[in-house]
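The block underneath contains the structure these notes are about, expressed in structure tokens.
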Amino acid sequence: MITYMSYIPKKEYDKMYDMLDVEASGKIEREKFIKRNSAIYEGIEIKNLNVKITSYEKKTKKVFYNTTFDTCAGPIRFSNVAEFKKGKEGYLLVWDDSLIFPDLLSSDKVRVSTTEANRGTIYDRNGTVLAGEGYTQNSVVGRSGLESLFEKELKGENGCRIFLVDEEGQEKTELASVPVKNGKDVKLTIDAGLQTSLYQAFQKDKSCSVAINPDTGEVLALLSTPSYDNNAFILGLSEEQWKGLNEDEEKPLYKPVSPDLVSRLFFQTGRGSNRSGIRSNRSRRK
């Protein structure tokens, strides 16, 4: 039985079929057997399969065993029994659908259901949405800056269930499940309005600008000018666009402040003050 089960992770369904007593297994055809097993095992993304024989009845040729494996919906564990018949070339397995799952009948189907996690949203200190609304698990996200830094928190984790349904489509048994974990919202110390004001004031200036709360050290706004459209990098720049940015005399790709450092400074730590005092420091680039 261990040999038979060891072929599952390798997707060697032909070798599994060769171990069957076809007559005693309802004369199941090779193609149907392979299609049934491959659809189920690959559909649930089986891995880390482990089989342990617990007992054997010599008279009835029955093998009792425990099976554990991981799936896209978490671990599955069950006890089962297999019957063997002696043939000309040794013992052969009597197969039916219950060897896949104990409660599985030939008329049943195995279903996998996924619940997509809601993506979190990035807010500024005043609750203004900066990024996140309308995103799904398949959305293209920023490759740098805040969306990249907080992608794990924003994205969350999808929920998943594996269950059996009967021939009428009614659920009969849940085999495994993991709950959906929605993405978390991220609130920043940045003030979007102030950030816009700084950009409008200094967009033609070759410099970097920063505004902070002098009481808490929170960064309220920070930018480097001249700038460029970050969205152009999401789907990829053309060779001409990339060359243009690199050869621009204004050097827009040069950032005097590390994006990762800026992202960490912008993150709301909970130490914020309601005072509105602002200190603005600007450094010119040569």
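Numbering-wise, the sequence shown is residues 23 to 308 according to the numbering used here. Don't be surprised by glycine CBs; every beta carbon is placed ideally from N, CA and C.
Run of the alpha helix (DSSP H) containing residue i, from where it starts to where it stops
| i | result |
| --- | --- |
| Asn-59 | 52-65 |
| Asp-40 | 35-40 |
| Leu-216 | 214-224 |
| Lys-177 | 173-177 |
For residue j and residue i, the rounded distance between their alpha carbons
| i | j | result |
| --- | --- | --- |
| Ser-120 | Phe-91 | 16 Å |
| Pro-97 | Phe-123 | 13 Å |
| Ala-61 | Trp-117 | 17 Å |
| Glu-51 | Phe-106 | 19 Å |
| Leu-152 | Lys-33 | 46 Å |
| Thr-150 | Thr-247 | 23 Å |
| Glu-53 | Glu-111 | 23 Å |
| Tyr-87 | Thr-136 | 30 Å |
| Pro-236 | Tyr-221 | 21 Å |
| Ile-212 | Ser-260 | 32 Å |
| Gln-159 | Ser-170 | With a pLDDT of 44 at Gln-159, under the threshold of 50, the predicted position of this residue should be treated as unreliable, though the coordinate-derived value follows. Cα-Cα distance, rounded: 14 Å. |
| Ile-184 | Ile-24 | 24 Å |
| Ala-95 | Ser-199 | 5 Å |
| Lys-265 | Thr-218 | 28 Å |
Reduced DSSP secondary structure (H/G/I, E/B, other) of residue i
| i | result |
| --- | --- |
| Tyr-113 | strand |
| Phe-185 | strand |
| Tyr-29 | coil |
| Leu-152 | strand |
| Ile-24 | helix |
| Lys-107 | strand |
| Lys-265 | helix |
| Ser-101 | strand |
Run of the beta strand (DSSP E) containing residue i, from where it starts to where it stops
| i | result |
| --- | --- |
| Ala-243 | 241-247 |
| Lys-194 | 193-200 |
| Ile-75 | 69-79 |
| Lys-131 | 131-137 |
| Val-232 | 229-234 |
| Thr-211 | Element bounds for Thr-211: n/a, residue is neither H nor E. |
| Lys-84 | 84-93 |
CB contact flag (residue i, residue j, <8 Å)
| i | j | result |
| --- | --- | --- |
| Tyr-26 | Met-41 | yes |
| Ile-234 | Leu-245 | no |
| Glu-240 | Val-208 | no |
| Asp-36 | Leu-114 | no |
| Asp-125 | Val-187 | no |
| Tyr-39 | Ile-56 | yes |
| Glu-67 | Thr-93 | yes |
| Lys-69 | Pro-31 | yes |
| Val-132 | Gly-65 | yes |
Inset, instruction - State whether the region 100-118 contacts the region 140-147, with contact taken as three or more CB pairs (one from each stretch) at a distance under 8 Å. - result: no
Legend entry - Sufficient close CB pairs (3 or more, under 8 Å) joining the region 178-195 to the region 223-232: Touching, no, given that fewer than three Cβ pairs across the two stretches are closer than 8 Å.
Inset, instruction - Say whether the region 202-210 touches the region 176-192, bearing in mind that this needs 3 or more beta-carbon pairs closer than 8 Å, one atom from each stretch. - result: yes
Legend entry - contact_flag[the region 143-150, the region 208-217] where n(CB pairs < 8 Å) is 3 or more: yes
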